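Residue numbering for the sequence shown follows this note's numbering, beginning at 1 and increasing consecutively.
Each residue gets a CB set at the ideal place from its N, CA and C atoms; glycine is no exception.
Just so we're clear, the structure is a prediction, and the values are computed from it rather than from any experiment.
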Amino acid sequence: MKRKDYFVVIIVVVGIALALIYESGILGPNASRPTAFEFNNKTYSITAYASNTTEREKGLMNATVTNSTFMLFYFGQPGIYSFWMKDTYSQLDIIWLNYSGSTGMAKVVYVVDAPPCVNYSSDQSGCRIYTPSSEANYVLEAKAGFAERNNMTVGSSIKFLH
């Protein structure tokens, strides 16, 4: 074989390998998509996931929230991401998390117990905006009381399960 032929074969093999890895979920749009999380030796299923602007804006608006409802918001890069409760009829815990791929753990950086906001003025100024004091790349929403019942506080760590 000529040198050029080896190069073509290598490119094809690498392309096939990358396609297989992408399909397996190791890379690609679902690579950072946990299906559950573990905290204090208990496992909780993530019931809703938001990774783009449209999904994040909708959040749990108009949703029925139970003790087993957990919505995870993914932002890709750590940053200061504010939340509000417009058209959310249930009181929620909003838990900002900073995930480190090197440790495989997400550290709680901010927690707030947010009341619903359904009676706001036409300019939407009646809904409080919640802003964390530290950067996060994930936010977890759960029915109010989850963090307190499970002693989830700033500095706690959770493990994402895929």
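Closest residue to residue 113 among 104, 68, 137, 148 (Cα-Cα distance):
148
Is the beta carbon of residue 141 closer than 7 Å to that of residue 94?
It is a contact, given that the beta carbons lie within the stated cut-off.
Could you tell me whether any Cβ in chain C is nearer than 7 Å to the Cβ of residue 107?
You won't find chain C in this structure, because it holds only one protein chain.
Report the option in 160, 49, 42, 119 whose CA atom is closest to the CA atom of residue 105.
160
When you compare only the Cα positions, how much space is there between residue 38 and residue 156?
Here the C-alpha atom of residue 38 lies approximately 12 Å from the C-alpha atom of residue 156.
Over what stretch of residues does the alpha helix (DSSP H) that includes residue 57 continue unbroken?
Start and end: 53–58.
Residue 162 versus residue 117: straight-line alpha-carbon distance, rounded
33 Å
For residue 144, the first and last residue of its enclosing beta strand (DSSP E)
Premise fails: residue 144 is in no beta strand (DSSP E) and is neither H nor E.
Within its chain, find whatever has a CB closer than 8 Å to the CB of residue 135; leave out the 5 residues flanking it on each side and keep chain order.
78, 79, 80, 98, 109
Reduced DSSP category for residue 11 - H, G, I as helix; E, B as strand; rest coil
helix
Given residue 50 as reference, the closest of 42, 44, 59 once Cα atoms are compared
When only C-alpha atoms are compared, the closest one is 59.
Going by DSSP, what residue range makes up the beta strand (DSSP E) through residue 79?
70–79
Which residue comes first and which comes last in the beta strand (DSSP E) that contains residue 45?
42–45
Thinking residue 90 and residue 130 are a contact (beta carbons under 8 Å), I'd like their distance in whole angstroms, please.
Going by Cβ atoms, the distance from residue 90 to residue 130 rounds to 15 Å, so no, they are not a contact pair.
Beta-carbon proximity of residue 73 to residue 46, cut-off 7 Å:
no
How is residue 4 classed by DSSP in three states: helix, strand or coil?
helix
Compare the beta carbon distance of residue 52 and residue 87 with 7 Å and say whether it is the shorter of the two.
no
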